[in-house]
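Quick note: the sequence shown, position 42, residue 65 per the working numbering, numbers continuous.
Using N, Cα and C, we set each Cβ at its ideal position, and we do this for glycine too.
Shown next, in structure tokens, is the structure this report addresses.
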Amino acid sequence: GLGAGNIGGALIGGILKAGVADTEHLRATDASAARAEEIAAKYMIEVSRSGNRQVAQWAEVVLIAVKPPTVPHVIAEIRDVLRDDQILISVAAAFPIALLERLIGQPMPIFRAMPNIPVVVGEGATALAVNGAATAEQRKFVESIFRSTGVVCTVDEELMDAVTALSGSGPAYVYMVIEALIAGGLKMGLSHEISTRLAEQTVLGAAKLVRETMLHPAILKDRVITPGGVTISAIHELERHGLRAMLISAVETATRRSRELTQSLVAKFGGAK
24 GLGAGNIGGA LIGGILKAGV ADTEHLRATD ASAARAEEIA AKYMIEVSRS GNRQVAQWAE
84 VVLIAVKPPT VPHVIAEIRD VLRDDQILIS VAAAFPIALL ERLIGQPMPI FRAMPNIPVV
144 VGEGATALAV NGAATAEQRK FVESIFRSTG VVCTVDEELM DAVTALSGSG PAYVYMVIEA
204 LIAGGLKMGL SHEISTRLAE QTVLGAAKLV RETMLHPAIL KDRVITPGGV TISAIHELER
264 HGLRAMLISA VETATRRSRE LTQSLVAKFG GAK
């Protein structure tokens, strides 16, 4: 893996835990000496600060886990050692496959992945888009890598901006909801510890019910409501202030912003090789 930050490090942990690969078959790089030492000590793998070319030449799967503006520099460093029998995976947000192909300059299987930060605790949501060079076997293998850190789905690349807005940025929206619930508990006299525990478990439990029952959230919501009761009065307040409309608009706005970032990356690096 080229880049061992939060996402890169989480993927290393997930791969090892799920048995997708062992420590001898994983190598990583990171520009930060402290982070490189941390990952090496935590997972007992070889991590270097400046070995991108060596790792890319050695690997069967090359994972690029750096910030989008850094991707062209990493590819420029490794492109002449990449082979068409390797798999390249990029987790850089808003960085399209066509631009990766142009920068690499040769046919090879390329996967664009959009994981989110809960991969750190094995509860991530990752969407994959793939180019035409990947075989069915390679697709299954890459899915298994990300399944080691949560759930995986495959989408057409044109939908990756929406994925970024929904699940990529989505944890931030949920953290705001949890934060507000905690504040509500505090306002009504609960301690911070109790408010936090109740709020986090409420969100976790509600999400688990949606997954395990496979019922529409509206049905589960209605099961909590009693006529003239406490919950319906709270829901009326949420509807009055447009909670659902705000969340829908947040996803819409974030999707547009992701598209803008993609366009700026293409404009900046589209002519580079």
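- In this structure, I120 keeps its C-beta atom at 8 Å or more from the C-beta atom of R102.
- By the neighbour-count criterion, in which 16 or more other beta carbons inside 10 Å mark a residue as buried, S171 falls on the buried side.
- Between the C-alpha atoms of E69 and K210 there is a straight-line separation of about 50 Å.
- Secondary structure note for S287: its alpha helix (DSSP H) is the uninterrupted segment L266 to F292.
- Note that the C-beta distance between T158 and G173 is not below 8 Å.
- For R50, there is no enclosing alpha helix (DSSP H); the residue is found in the beta strand (DSSP E) stretching over R50 to T52.
- A distance below 8 Å separates the beta carbons of A33 and V143.
- Rounded to whole angstroms, the Cβ separation of L111 and Y196 is 31 Å, and the two are not in contact under 8 Å.
- Selection V78, G26 and E166 evaluated against V89 yields G26 as nearest (Cα-Cα).
- Using a Cβ-Cβ distance cut-off of 8 Å, the segment 199 to 208 and the segment 221 to 241 are in contact, since at least three pairs of beta carbons, one from each stretch, lie closer than that value.
- Excluding its 5 nearest sequence neighbours in each direction, I258 has C-beta neighbours in its own chain below 8 Å: K244 and I248, listed in chain order.
- Judged by pairs of C-beta atoms under 8 Å, the segment 270 to 288 does not touch the segment 70 to 90, as fewer than three such pairs exist.
- Annotation for E69: the continuous beta strand (DSSP E) segment containing it runs E69 to S71.
- Each of L182, G147 and D184 was checked against the Cα of E166, and the nearest Cα belongs to G147.
- The three-state reading of DSSP puts T172 in coil, since its state is none of H, G, I, E or B.
- For L238, no alpha helix (DSSP H) run applies, since DSSP gives it neither H nor E.
- Boundaries of the alpha helix (DSSP H) harbouring M199: G193 to K210, taken from the DSSP string.
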